[in-house]
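Colleague: In full-length UniProt numbering, the protein residues as written are 1 to 501. For each residue, glycine too, the CB sits at the ideal point set by N, CA and C. A quick note: this is a predicted structure, and the numbers were derived from the prediction, not measured.
1) What does the alpha-carbon distance come out to for the pair residue 55 and residue 313?
2) Relative to the alpha-carbon of residue 7, which residue among 71, 122, 49 and 34 has its alpha-carbon at the smallest distance?
3) Do you know offhand how far residue 205's Cα is from residue 398's?
4) Is the distance from the Cβ of residue 371 to the Cβ of residue 400 below 8 Å?
5) Give me whichever residues DSSP pairs with residue 397 in a beta bridge.
6) Report yes or no: do the stretch 24–44 and the stretch 314–328 share at least 3 C-beta pairs separated by less than 8 Å?
7) Could you pull out every residue in the same chain whose Cβ sits closer than 7 Å to the Cβ of residue 175, ignoring the five residues on either side in sequence?
8) Touch check for the stretch 411–431 and the stretch 333–348: three-plus C-beta pairs under 8 Å?
9) Drop a sphere of 10 angstroms on the beta-carbon of residue 459, count the other beta-carbons inside from all chains shown, and report buried for 16 or more, exposed for fewer.
10) Using the C-alpha atoms, what's the distance from residue 197 back to residue 440?
11) Starting from residue 286, follow the alpha helix (DSSP H) in both directions and report where the run begins and ends.
12) Is residue 207 helix, strand or coil when you go by DSSP?
13) Looking only at its own chain, which residues have a Cβ that is under 8 Å from the Cβ of residue 395, when we skip the five neighbours before and after it?
14) Can you have a look at residue 227 and say buried or exposed, based on whether 16 or more other CB atoms are within 10 angstroms of its CB?
15) Mind checking residue 502: buried by the 16 CB within 10 Å criterion, or exposed?
16) Among the residues of its own chain, which have a CB less than 7 Å from the CB of residue 282, if the five just before and after it don't count?
17) Taking just the CA atoms, how far does residue 70 sit from residue 443?
18) Within its chain, find whatever has a CB closer than 8 Å to the CB of residue 116; leave out the 5 residues flanking it on each side and keep chain order.
19) Along the beta strand (DSSP E) that carries residue 548, what are the first and last residues, could you check?
20) Starting from the C-beta of residue 223, find all residues in its chain whose C-beta is less than 6 Å away, skip the five residues before and the five after it, and write them out in chain order.
21) Would you kindly work out how many angstroms separate the C-alpha atoms of residue 374 and residue 169, rounded to a whole number?
22) Hey, would you say residue 289 sits closer than 8 Å to residue 178, going by beta carbons?
23) Throw me the rounded Cβ distance for the residue 315 and residue 262 pair, which I believe falls under 8 Å.
24) At the level of alpha carbons, what is the spacing between residue 404 and residue 188?
25) Please list the terminal residues of the continuous alpha helix (DSSP H) segment that includes residue 342.
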């Protein structure tokens with residue numbers, strides 16, 4: 001195989017990658033396509049089942065027709081009946097400024113990811129030139145580990161910076177209500193965090209080398225008793241002081257919990273074709289985390305101030321957007337990154353079984369050799385310095401690509417694979433999206449029991465309203481009334497006659 005760099009890199013045997021190839025085949029096989037399709041359907045069914053659970057809970061708390069904006073307006077009127085209501089305003093200049101600011105932040109985050117990749121390349125070359133033999137032999141591993149540490153530090157730092165920038169952009173938007181501010185802040189922070197976490201993964205996947213519900217029972221001795229229950233005022237005061245020293249909470253305290261779960265949901269669904277074990281690891285993580293969060297919220301933090309809510313707000317739209325993005329990304333991973341399409345093309349077009357004879361023949365024999373192109377060492381640039389190795393007098397080497405040996409242009413096999421990848425991507429995404437829509441239609445958002453209950457409540461509410469105005473209805477039917485039913489019919493007949501004339 002050809003050297004991996006142009007300075008002090010040796011020729012190396014293809015057999016060094018046998019272990020990596022065996023591990024890769026566990027995830028890169030024919031079953032990955034069906035698993036990615038299954039995960040697309042699972043994401044849709046998961047959200048639909050959550051909507052049904054949400055409808056049951058909201059109906060039980062009698063919040064189905066509750067309007068958060070109306071309640072905010074009612075609170076303002078209660079505090080000040082003569083308060084000035086904030087009107088709806090829309091400024092295109094302000095909107096363009098916010099959009100430009102968000103685009104600049106996203107560009108900076110993508111640039112940081114590219115800088116980390118460049119850092120790995122530069123550090124790898126520097127380690128290979130080192131005089132320390134151990135570092136020279138493990139240059140790639142050392143570069144990857146140092147790059148991972150820098151990536152972690154970048155995520156920690158940019159998480160704090162993203163919140164500050166998102167808050168500034170929200171203030172620039174001047175939202176009318178708290179709900180609008182919360183939705184705007186949530187969308188911006190999630191977008192920035194998504195780019196921070198996933199920009200490197202998207203680069204590695206598509207560009208690198210290519211130019212339950214658990215009950216929590218509080219212990220009885222942890223409960224605070226009010227004054228007079230045990231006859232001791234000091235015990236109640238001490239308990240209140242203990243609670244005061246707990247971790248403070250604010251209006252966005254649950255935001256971090258939502259953000260963590262949605263980011264994990266994104267990791268689980270978007271790159272599931274590349275790492276099918278992600279759902280299992282996420283499940284095991286959540287089994288432990290649900291207990292840790294329960295301990296934190298019930299014993300280490302102050303009690304949250306309760307607020308009415310009939311959904312999770314903008315987070316539901318974020319989850320639905322992640323589900324659609326997961327279909328696109330998994331299709332790209334299978335079509336562009338994996339060897340699924342090249343193997344199929346070789347199997348049916350270029351392999352030994354292309355003529356239809358499959359008896360006693362391994363149809364994929366020769367596939368690895370067909371996926372490697374030939375490079376003549378005489379065509380190396382003058383500045384290229386190949387490290388001394390066991391291989392001498394090498395006239396040609398192999399590299400992973402589909403190019404002709406004569407002029408190094410793309411071969412016919414490359415264009416066949418390219419067309420097949422594009423066709424597979426279009427078919428996969430359309431089929432997956434159609435299946436998602438069918439699954440969403442098949443599973444109703446609201447259970448039938450809840451719909452019937454809401455219908456009965458509407459009927460009862462209308463009957464109560466009608467029973468409160470019997471006198472008004474009698475006045476409308478009195479003879480001689482200017483608004484009587486008889487006058488209405490007479491006016492209607494006159495209109496019909498005038499129309500006929």
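Modeller: For this structure:
1) Sequence index remark: in the chain shown, residue 55 carries index 55 (1-based). Sequence index remark: in the chain shown, residue 313 carries index 313 (1-based). Distance between the alpha carbons of residue 55 and residue 313 is about 14 Å.
2) By 1-based counting over the chain shown, the position of residue 7 is 7. Comparing Cα positions, the closest option is 122.
3) By one-based count along the chain shown, residue 205 stands at place 205. By one-based count along the chain shown, residue 398 stands at place 398. When rounded, the separation of the alpha-carbon atoms in residue 205 and residue 398 is 23 Å.
4) Working through the chain shown from its first residue, we reach residue 371 at position 371. Working through the chain shown from its first residue, we reach residue 400 at position 400. Yes.
5) Within the chain shown, the letter at position 397 stands for residue 397. Answer is 375.
6) yes
7) Within the chain shown, numbered from 1, the residue matching residue 175 stands at position 175. 181 and 184.
8) yes
9) Numbered from 1 along the chain shown, position 459 holds the residue referred to as residue 459. With fewer than 16 other Cβ atoms within 10 Å, it is exposed.
10) The residue labelled residue 440 in the question sits at position 440 within the chain shown. The residue labelled residue 197 in the question sits at position 197 within the chain shown. Taking the straight line joining both Cα atoms gives about 29 Å.
11) Stepping through the chain shown from its first residue, residue 286 is reached at position 286. Start and end: 278–295.
12) Looking up residue 207 in the chain shown gives position 207. Note: residue 207 maps to coil in three-state DSSP.
13) Start at 1 with the first residue of the chain shown, and residue 395 comes out as number 395. Counting only Cβ-Cβ distances below 8 Å, and skipping sequence neighbours, we find 376, 377 and 378.
14) Counting from one through the chain shown, the residue named residue 227 turns up at place 227. Confidence in residue 227 is poor, its pLDDT being 42 and thus under 50, which makes the residue's placement unreliable; the coordinate value appears in the next sentence. By the 10 Å Cβ count, residue 227 comes out exposed.
15) Outside the displayed range of the chain (1 to 501) lies residue 502, so it cannot be described from this structure.
16) Residue 282 sits at position 282 when you count from the first residue of the chain shown. The residues 264 and 268, in chain order, have a CB closer than 7 Å to that of residue 282 in the same chain once the five nearest residues on each side in sequence are set aside.
17) Your numbering for residue 443 matches position 443 in the chain shown. Your numbering for residue 70 matches position 70 in the chain shown. Each residue's CA atom was taken as its position, placing residue 443 and residue 70 some 31 Å apart.
18) Start at 1 with the first residue of the chain shown, and residue 116 comes out as number 116. Cβ within range, chain order: 147, 150, 151, 154 and 200.
19) Residue 548 cannot be examined here, being either before or after the span of the chain that is shown, 1 to 501.
20) As a working note, residue 223 is residue 223 in the chain shown. Unreliable positioning characterises residue 223 in this predicted model, as indicated by a pLDDT of 40, which lies under 50. A coordinate reading is not provided.
21) Here residue 374 is taken as the residue at index 374 of the chain shown, counted from 1. Here residue 169 is taken as the residue at index 169 of the chain shown, counted from 1. Cα-Cα distance, rounded: 54 Å.
22) The residue given as residue 289 occupies position 289 in the chain shown. The residue given as residue 178 occupies position 178 in the chain shown. No, Cβ-Cβ distance for residue 289 and residue 178 is not below 8 Å.
23) Within the chain shown, numbered from 1, the residue matching residue 315 stands at position 315. Within the chain shown, numbered from 1, the residue matching residue 262 stands at position 262. Yes, they are in contact, since the Cβ atoms of residue 315 and residue 262 sit about 6 Å apart, within 8 Å.
24) As a position in the chain shown, residue 404 is number 404, starting the count at 1. As a position in the chain shown, residue 188 is number 188, starting the count at 1. The alpha-carbon atoms of residue 404 and residue 188 are separated by roughly 48 Å.
25) Reading the chain shown from its first residue, position 342 is the one you call residue 342. Segment 340–345, the alpha helix (DSSP H) holding residue 342.
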